[in-house]
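Here the structure is laid out as C-alpha cells; the discussion comes afterwards.
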Amino acid sequence: MKFSLKSGIRVIGVILGAALLSLSGSVIAAESAADASTGSMRNSATPALVVVVSIDQFRKDRLQEPVKAGLKTLTAAGRVFVDSVLDHGISNTCPGHAVILTGAQPARAGVAGNNFVDREHWRSSYCAESQQDEDTVFGSGKRRSPALLATDTLGDWMKAQNPASKVYSVAGKDRAAIMMGGQHPDGALWYNPDTASFTSSGYYMNALPEYVEALNRSEFSKVPATWQHPVGRYRPDDYEGESTDYKRVSGHPLHDDDAEEMGNQIHASPYVDDLTMLLARQVIDKESLGQDEVPDLLAIGLSANDIVGHMYGPFSSEAEATVQNIDRLLGDLLSYLDQKVGEGRYTLVLTADHGVADLPEWRNEQKASQCPDPSGRFNVVSTLISLYWDVYLKATFPLDLPTDLVAFSGSQIYINHDYVAAHELDITEVEHTLVNILESQAIVKKAWLIPELMAADTETARLLRNSWVEGRGGDIIIETHPDCILRPSSTGTTHGSHYLYDRDIPVIFYGAGVVPGNKQGPARSVDIGPTLAALLNVPMPEVRDGKALDLVGPAGSAEDVVEPDNE
Numbered sequence: 011m012k013f014s015l016k017s018g019i020r021v022i023g024v025i026l027g028a029a030l031l032s033l034s035g036s037v038i039a040a041e042s043a044a045d046a047s048t049g050s051m052r053n054s055a056t057p058a059l060v061v062v063v064s065i066d067q068f069r070k071d072r073l074q075e076p077v078k079a080g081l082k083t084l085t086a087a088g089r090v091f092v093d094s095v096l097d098h099g100i101s102n103t104c105p106g107h108a109v110i111l112t113g114a115q116p117a118r119a120g121v122a123g124n125n126f127v128d129r130e131h132w133r134s135s136y137c138a139e140s141q142q143d144e145d146t147v148f149g150s151g152k153r154r155s156p157a158l159l160a161t162d163t164l165g166d167w168m169k170a171q172n173p174a175s176k177v178y179s180v181a182g183k184d185r186a187a188i189m190m191g192g193q194h195p196d197g198a199l200w201y202n203p204d205t206a207s208f209t210s211s212g213y214y215m216n217a218l219p220e221y222v223e224a225l226n227r228s229e230f231s232k233v234p235a236t237w238q239h240p241v242g243r244y245r246p247d248d249y250e251g252e253s254t255d256y257k258r259v260s261g262h263p264l265h266d267d268d269a270e271e272m273g274n275q276i277h278a279s280p281y282v283d284d285l286t287m288l289l290a291r292q293v294i295d296k297e298s299l300g301q302d303e304v305p306d307l308l309a310i311g312l313s314a315n316d317i318v319g320h321m322y323g324p325f326s327s328e329a330e331a332t333v334q335n336i337d338r339l340l341g342d343l344l345s346y347l348d349q350k351v352g353e354g355r356y357t358l359v360l361t362a363d364h365g366v367a368d369l370p371e372w373r374n375e376q377k378a379s380q381c382p383d384p385s386g387r388f389n390v391v392s393t394l395i396s397l398y399w400d401v402y403l404k405a406t407f408p409l410d411l412p413t414d415l416v417a418f419s420g421s422q423i424y425i426n427h428d429y430v431a432a433h434e435l436d437i438t439e440v441e442h443t444l445v446n447i448l449e450s451q452a453i454v455k456k457a458w459l460i461p462e463l464m465a466a467d468t469e470t471a472r473l474l475r476n477s478w479v480e481g482r483g484g485d486i487i488i489e490t491h492p493d494c495i496l497r498p499s500s501t502g503t504t505h506g507s508h509y510l511y512d513r514d515i516p517v518i519f520y521g522a523g524v525v526p527g528n529k530q531g532p533a534r535s536v537d538i539g540p541t542l543a544a545l546l547n548v549p550m551p552e553v554r555d556g557k558a559l560d561l562v563g564p565a566g567s568a569e570d571v572v573e574p575d576n577e
C-alpha cells in the first residue's frame, strides 16, 4: 500500500541519539543529562521493536495488587507516569484504543464511541465496521477495517518513513486491534467470540497465515471445561450484584455445545488473554519482529479484564484472578522479548483504554456511593421507552414512530434533523423536551446540549468536547452523578463517564531509551504515540493533541512534557 507524508512537517519531542536532527530542512534539538547515576542518561537507544500493551478496563489502582512478575517488573524498572489519565470524557473501548497510537483525541480521530448513529441512514454504526465487501471477516459475514478512523497512527508514520518497518496488532477485540493497528499495518488479528478463534479481514490480508490457523486448530481445544479461581482478598466469591450468566462463583463454564456460547465464555475468562499473548509471541517469531535495525511495532490488546470486570466488578475474586494472570503473562512476555529480541533492544509500553466504576453493591457496602439512586444503575432501555412515549405524544403522534425522531448510542442522544425539518417541528422545543425528560431522572446530573457544551468553561465540558465528533456525535450528552452507571442489566458494572475512576489509567514505559523512575506531572494515553515517535525519530504528519513525554529526565519533575512542533 502507498503512503504519503505532507512535506515540511517538523516534530519535536524527546529526540534520541544526537543533540541536533534535521527534518525537512529544519534543525530540531533535544538534550538530556549524561549521568545515569543521577536518574538520567543520554538517550541514544533506538529500539528494534516497540511493544504496546493495552489492558482493557485496567484501572491504575490495580497495580497495587500483590503482583510478582511482569507488572512488578514494569513498575519497579519502568518509567511510571504516576498522574497518568485518559483525557476524554466518553470512556469506551474504541476511542480509548484509538487515542493510544494516533496522538489524537477522539474528536480528531473521528471515534465518537464504540457505536454512533449514522445520521444519513439513521442507523447504529459500529466504530470498526466497513461497507466494503472485500473487508469481510474470515469465517464471518461481518466487515471490518479502519475506514471510520479519521487519522493515521504511529505504525503508519513508521512505514511512511521506512516501508521496511513491520507493524502488527493482536487483540481480544476487533476494535482494539483495528484502532491500534492504524490504516496500513502488515496485519491485524483479533479474537472472534462467534467462532471461538482468531481472525482478521480481507482489508489486511487475503487469508489467515498458517500459524494462526494452526493455533486455532490446536490451542482452543486445550481450554479446560471450567475456569477455576481462588476466593479473593476483598469479598466473598458469591457476591450480590455480580452477573449470574456464567455462574458468579469459581467453576465458570467454558465449554458449551453451542460454539458461539463457548466463544463468549472463553472471552469472559483469562484464557482469552492466554491465547492472545500466545498469538502475539507467534507474530514476533513468524514475522521476525525486532530482528534487524529497522524498528518494528506490535500492539497487543488484552480483553479479559474488561469482560470479567463488567460481569463481576473490579474487586471480585474473578477480577483479582484475571489481574494475577495478566501479571504472569507480562512476565513471560518480557522474558520472551529478552531472549528473542534482546534485552535493551525493545521498548514496551503498558496502558489501558479506560477504567471502570465499582460494582454499585460494593460501593454501597463501603458507604462511599455518591449516586442518589441506591441501585446505582440507570436502565437506558426503560428510560428510552418512557422518552419515546413522551416524544410520540408531543412530536410524532399519530402517524410516525418516535424512533424516527430520536435515537440513543451510549450516553449520547441523537435527533433526526431531517425529520424535524420535514415535519416542521421546532428543534428548540424538541431539544428542551428531551433535556427535561432526562434531567428528571435521579441518576442524571445534566443533559448537555452541544452548543452549551462547546461554550462551557469547565473541566467536565473540556473532557466531553474531546470526545464529541462533528457529524458523528449526538445532539445531547448525558452526564450522570458520580457512581451512577448507564447499564441496562440489574447486575455488573460499566464505564463510559468522565469521572476519574473511568479515566485513571496507567502509562508506563520500559526498556530501550527509558530511564526508570516514578514521574510526576501531566501524562495522558494520547501522549503515547507522540512519545514513541520521538523515541524512534519518526516525524508525525499532522498537528496532534498528544505531546512527547520525557523518558530520560529526572523523575519527579513537573517539567515532563516536551511540546511537539507540528506544522
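Taken in order, the sequence shown gives residues 11 to 577; the numbers are from the working numbering.
Even for Gly, the Cβ is constructed at its ideal location relative to N, Cα and C.
Quick caveat: nothing in here was measured; it's all calculated off a predicted structure.
Practice task
Taking only the alpha-carbon atoms, compute the straight-line gap between P234 and P263 and give it to the nearest angstrom.
Solution key: 9 Å
Problem - Contacts around Q301, its chain only, beta-carbon distance under 6 Å, and the 5 residues preceding and following it disregarded - result: none
Handout entry: Separation of T103 from T205, as counted between CA atoms
Key = 21 Å
Practice task
Find out if the Cβ-Cβ distance for the pair S101, H505 is shorter than 7 Å.
Solution key: yes
Problem - DSSP state of H131 mapped onto helix, strand, coil - result: coil
Exercise for the section: Return the CA-CA distance between D583 and M550, expressed in angstroms with no decimal places. Expected result: Examination of residue 583 is not possible in this model, given that the chain is present from 11 through 577 alone.
Handout entry: For D306, three-class secondary structure by DSSP
Key = strand
Practice task
Assign K377 to one of two classes, buried (16 or more other C-beta atoms within 10 Å of its C-beta) or exposed (fewer than that).
Solution key: exposed
Practice task
Determine the burial state of L218: buried for a count of at least 16 other Cβ atoms within 10 Å of its Cβ, exposed for fewer.
Solution key: buried
Problem - Of the residues Y346, E220, R258, D400, the one placed nearest A278, counting alpha carbons only - result: R258
Exercise for the section: Output yes or no for whether 7 Å exceeds the beta carbon distance between P532 and G88. Expected result: no
Exercise for the section: Using three-state DSSP, classify T503 as helix, strand or coil. Expected result: coil
Handout entry: Inter-residue spacing [alpha-carbon to alpha-carbon] between I276 and S396
Key = 36 Å
Practice task
Please go through the same chain and pick out, in chain order, the residues whose beta-carbon is closer than 6 Å to the beta-carbon of A122, but skip the five residues on each side of it.
Solution key: V479, R482, G483
Problem - Cα-Cα separation between N124 and V562, rounded to whole angstroms - result: 36 Å
Problem - Close Cβ partners of L510 (< 6 Å) along its chain, the five nearest in sequence each way excluded - result: none
Problem - Chain-order list of residues whose beta-carbon lies under 7 Å from that of P384 (same chain, five-residue window excluded) - result: N374
Exercise for the section: In the DSSP assignment, find the unbroken alpha helix (DSSP H) run with K169 in it and report its ends. Expected result: 164-171
Practice task
Classify S211 as buried or exposed, calling it buried when 16 or more other Cβ atoms lie within 10 Å of its own Cβ.
Solution key: buried
Practice task
Express the C-alpha separation of G149 and L225 in angstroms, rounding to a whole number.
Solution key: 15 Å
Exercise for the section: Alpha carbon to alpha carbon, how far is L448 from D268? Give it in angstroms, no decimals. Expected result: 40 Å
Practice task
Could you tell me if M189 is buried or exposed, where buried requires 16 or more neighbouring beta carbons within 10 angstroms of its beta carbon?
Solution key: buried
Exercise for the section: Have a look at the DSSP bridge pairing and note the partners of L199. Expected result: V180
Practice task
Could you say which of C137, R153, T112 lies nearest to T163 if we only look at CA atoms?
Solution key: T112
Exercise for the section: Label Q115 either buried or exposed according to how many other C-beta atoms from any shown protein chain fall within 10 Å of its C-beta, with 16 as the threshold for buried. Expected result: buried
Handout entry: Exposed unless 16 or more other CB atoms sit within 10 angstroms - verdict on A86
Key = exposed
Handout entry: Secondary structure of D560, DSSP reduced to three states
Key = coil
Handout entry: Own chain residues within Cβ distance below 8 Å of D248, not counting five before or after
Key = R258, V259
Exercise for the section: For the alpha helix (DSSP H) containing R118, list its first residue and its last residue. Expected result: 116-119
Practice task
Could you tell me which residues DSSP pairs with K529 in its beta bridges?
Solution key: F91
Exercise for the section: Could you check which residue in Q422, S392, W399 has the C-alpha nearest to that of T413? Expected result: W399
Practice task
Find out if the Cβ-Cβ distance for the pair G556, G539 is shorter than 7 Å.
Solution key: yes
Handout entry: Option in G311, I488, Y256 with minimal Cα separation from G99
Key = I488
Practice task
Use the C-beta contact count for L59: other C-beta atoms within 10 angstroms, 16 or more gives buried, fewer gives exposed.
Solution key: buried
Practice task
Using 10 angstroms around the beta-carbon of T209, count the other beta-carbons present and answer buried if the total reaches 16, otherwise exposed.
Solution key: buried
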